[in-house]
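Here the protein sequences come in this chain order: A and B.
All the letters of the first sequence, read from the start, carry residue numbers 1 to 163 under our numbering.
All the letters of the second sequence, read from the start, carry residue numbers 1001 to 1163 under our numbering.
Heads up, the beta-carbon is just placed ideally off N, CA and C, and yes, glycines get one too.
Number of protein chains: 2
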Amino acid sequence: MTDAEATRWLDAGEREAWLGLAGVMLLLPSVLDSQLQRDAGLSTFEYLVLAMLSEAPARTLQLKTLAALANGSLSRLSHVVTRLEKRGWVRREPSVVDGRITVAVLTDEGYAKVVASASSHVGTVREMVFDALTPAQVGQLRDISRQIMRRLDPEGRYEPPTA
Amino acid sequence: MTDAEATRWLDAGEREAWLGLAGVMLLLPSVLDSQLQRDAGLSTFEYLVLAMLSEAPARTLQLKTLAALANGSLSRLSHVVTRLEKRGWVRREPSVVDGRITVAVLTDEGYAKVVASASSHVGTVREMVFDALTPAQVGQLRDISRQIMRRLDPEGRYEPPTA
DNA sequence: CAGGGAAAGTTGAACCATCAACTTTTGTCG
DNA sequence: CGACAAAAGTTGATGGTTCAACTTTCCCTG
Chain A
1 MTDAEATRWL DAGEREAWLG LAGVMLLLPS VLDSQLQRDA GLSTFEYLVL AMLSEAPART
61 LQLKTLAALA NGSLSRLSHV VTRLEKRGWV RREPSVVDGR ITVAVLTDEG YAKVVASASS
121 HVGTVREMVF DALTPAQVGQ LRDISRQIMR RLDPEGRYEP PTA
Chain B
1001 MTDAEATRWL DAGEREAWLG LAGVMLLLPS VLDSQLQRDA GLSTFEYLVL AMLSEAPART
1061 LQLKTLAALA NGSLSRLSHV VTRLEKRGWV RREPSVVDGR ITVAVLTDEG YAKVVASASS
1121 HVGTVREMVF DALTPAQVGQ LRDISRQIMR RLDPEGRYEP PTA
């Protein structure tokens, strides 16, 4: 926004919607983090990394791709993979076809960890989000978040490739 | 969720809605943070603290209250107020009526800072969120986030008192 | 085929949030 | 009235995130 344009402030309805969305954006991640930390000893990001790997072919993904799927930077992912390796849930392997590429492979222990954590995590999501909404609202939420995502990520860098 | 109950997994529609919401939850804060950091040298939380103070009577609030309004813990707020004091935007004052209470007061420099930062911040919110939505969707978003908030914060601890 | 630039990762430093322990003040209940 | 518990803040340590600098590999072009 440039200084030349006059600010279009939020009207009453927009303000209410914004306060609500801001609240959800701040509280929901912290609730999910607490639950996962308590029940599985994982952060949401760590869980996402393991979960994405568990659904990938051969439980293997290039770090670049994994970073996008988990909505995080490559640097952040690299640090996290180092930690997950130390806990024995993930293994790094260099790519044979391209020397720049490193892939992450989910170990059997890592797979077991995801399976053990998924149920209660999904339960929390259902309880906090979907149990609060009507089926019609679920559809509305899908459309609304898609449209916002198109603004936040116009290049589709964080879009799931085919999922 | 207890082990005894079977997990109700997300159906296709819910899964799409969840991926969208999760994306917004992860990306929107980082976009807002970048904008504020670049244009004003503030984090979102710091901005929220200053903004809440600017709208309060006498530009003064008890730390406990301010923490709830800004959706943060008391500890986090205490650290932030220390930083904001060093930059001259906020002043701490002990309460005369209750020795346990500390209030934060927005200085004139702090008020000027909020005014200078608000316009471009609101511009970003409008651009990323409301310009992407129809008026009907704004209403839907308000209802949806209210209902989720009621789950996340059943006691209404993070509800704005009267705003 | 040589060199420059882009792509993919890694690493260390600086910064911020969280957690637990601690201090001070107030209220309450024998 | 004395003591104990709760409330409000503060503080230091710990751990995770970000940012910028750096390495290695690959691609492309002259």
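**Item:** Partners in chain B for threonine 7 (chain A), counting only beta-carbon separations shorter than 7 Å
**Value:** Correct list: Ser1119, Val1122 and Gly1123.
**Request:** Return helix, strand or coil for threonine 1162 (chain B), following the three-state DSSP convention.
**Result:** At threonine 1162 (chain B) the pLDDT is 37, less than 50, meaning the model places this residue with poor confidence; the figure from the coordinates comes in the next sentence. Note: threonine 1162 (chain B) maps to coil in three-state DSSP.
**Beta-carbon contacts of aspartate 3 (chain A) that lie in its chain and below 6 Å, excluding the five residues immediately before and after** = In this predicted model, aspartate 3 (chain A) has a pLDDT of only 49, less than 50, meaning its place in the structure is not dependable; the value taken from the coordinates is given anyway. Closer than 6 Å at Cβ, skipping near neighbours: no residue.
**Prompt:** When we look at the beta-carbon of lysine 1113 (chain B) and count the other beta-carbons within 10 Å, is it buried (16 or more) or exposed?
**Reply:** Buried, because 16 or more other Cβ atoms sit within 10 Å of the Cβ of lysine 1113 (chain B).
**Asked** Going along chain B in order, which residues have a C-beta closer than 7 Å to the C-beta of glycine 139 (chain A)?
**Response** Near glycine 139 (chain A) (Cβ distances below 7 Å), the residues of chain B are Gly1013.
**Prompt:** Around the C-beta of histidine 121 (chain A), are 16 or more other C-beta atoms found within 10 angstroms, so that it is buried, or is it exposed?
**Reply:** When all chains shown are included, histidine 121 (chain A) counts as buried.
**Asked** Can you tell me whether DSSP reads valine 1024 (chain B) as helix, strand or coil?
**Response** In the three-state scheme derived from DSSP, where H, G and I count as helix and E and B as strand, valine 1024 (chain B) is classed as helix.
**Prompt:** Given 8 Å as the limit, is there contact between the stretch 1043-1055 of chain B and the stretch 41-53 of chain A, that is, 3 or more CB pairs closer than that?
**Reply:** Not touching, per the Cβ criterion.
**Per-residue DSSP class, three states only, for valine 138 (chain A)** = Three-state result, valine 138 (chain A): helix.
**Request:** To the nearest angstrom, report how far apart proline 29 (chain A) and glutamate 14 (chain A) are at their CA atoms.
**Result:** Each residue's alpha carbon lies about 23 Å from the other.
**Message:** Using a Cβ-Cβ cutoff of less than 7 Å, which residues in the same chain neighbour arginine 150 (chain A) once the five nearest sequence positions on both sides are dropped?
**Reply:** Once the five neighbours on either side are set aside, arginine 150 (chain A) has no close Cβ partner at all.
**Request:** Give me the Cα-Cα distance between aspartate 108 (chain A) and glycine 41 (chain A), rounded to the nearest whole angstrom.
**Result:** Computed Cα separation, rounded: 18 Å.
**Message:** Given a cut-off of 7 Å on the beta-carbon distance, is the pair arginine 62 (chain A) and threonine 124 (chain A) in contact?
**Reply:** This sequence places glutamine at residue 62 (chain A); arginine is not what is there. Cβ distance not < 7 Å, so glutamine 62 (chain A) and threonine 124 (chain A) don't count as in contact.
**Asked** When DSSP labels each residue in this structure, what does arginine 91 (chain A) get in the three-state scheme?
**Response** In the structure shown, the three-state DSSP call for arginine 91 (chain A) is strand.
**Asked** If we call anything under 7 Å between Cβ atoms a contact, is arginine 1091 (chain B) one with valine 1105 (chain B)?
**Response** Yes, they are a contact pair.
**Prompt:** Quick one: which chain A residues come within Cβ less than 8 Å of glycine 1023 (chain B)?
**Reply:** Neighbours of glycine 1023 (chain B) on chain A, chain order: Asn71, Ser145, Met149, Leu152, Asp153 and Tyr158.
**Message:** Taking CB distances under 7 Å as the criterion, tell me whether glutamate 16 (chain A) reaches chain B.
**Reply:** For glutamate 16 (chain A), the closest Cβ of chain B is nearer than 7 Å.
**Request:** Please classify valine 115 (chain A): is it buried, with 16 or more other beta-carbons within 10 angstroms of its beta-carbon, or exposed?
**Result:** By the Cβ neighbour-count rule, valine 115 (chain A) is exposed, with fewer than 16 other Cβ atoms within 10 Å of its own.
**Asked** alanine 51 (chain A) lies in the alpha helix (DSSP H); which residues open and close that run?
**Response** Taken as a continuous stretch (DSSP letters only), the alpha helix (DSSP H) holding alanine 51 (chain A) covers 44-55.
**Asked** Buried or exposed: which applies to glycine 88 (chain A), given that a residue is buried once 16 or more other Cβ atoms fall within 10 Å of its Cβ?
**Response** Exposed, because fewer than 16 other Cβ atoms sit within 10 Å of the Cβ of glycine 88 (chain A).
**Request:** Please name the residue, chosen from A:Asp143, A:Gln137 and A:Glu127, that lies closest to threonine 1134 (chain B) on a Cα-to-Cα basis.
**Result:** Among A:Asp143, A:Gln137 and A:Glu127, the Cα nearest to that of threonine 1134 (chain B) is on A:Asp143.
**Request:** Starting from methionine 1052 (chain B), find everything on chain A with Cβ-Cβ shorter than 9 Å and list it in chain order.
**Result:** In chain A, no part has a C-beta under 9 Å from the C-beta of methionine 1052 (chain B); the shortest such distance is about 12 Å.
**Prompt:** Using a Cβ cut-off of 7 Å, which residues of the stretch 1025-1046 of chain B contact any Cβ in chain A, in chain order?
**Reply:** Flagged, chain order: Met1025, Leu1026, Leu1027, Leu1028, Pro1029 and Val1031.
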